[in-house]
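Numbering (the numbering used here), first residue to last: 713 to 810.
Okay, structure coming up:
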């Protein structure tokens, strides 16, 4: 088992760790090990979560369609025209219709 010696630790930090160790019924060494394990576990979990930007980048270029861009645009326009004229939805009043 490895040993670790920490040199140059700020006295205030040591006092805080010692107080925390005392409140948790641990030695200072046990508290340092506990805190180190906890930190590494949280860091590992945080790294495994994908950021929204990373998800979007992974989706980039994933759309597959055999149609050309012009065919897709024409299909979208056609579906909108059918929806507006045949659905009975209320369109905003224009000055000509008032």
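We put the CB at the ideal spot given by N, CA and C, even for glycine.
Values in this document were obtained by computation on a predicted structure and should not be read as measured data.
When the beta-carbon positions are compared, residue 742 and residue 733 come within less than 8 Å of each other. For the 8 Å CB-CB criterion, residue 785 and residue 777 do not form a contact.
A distance below 8 Å separates the beta carbons of residue 744 and residue 729.
The beta carbon of residue 724 is closer than 7 Å to none in its chain, skipping five residues each way along the sequence.
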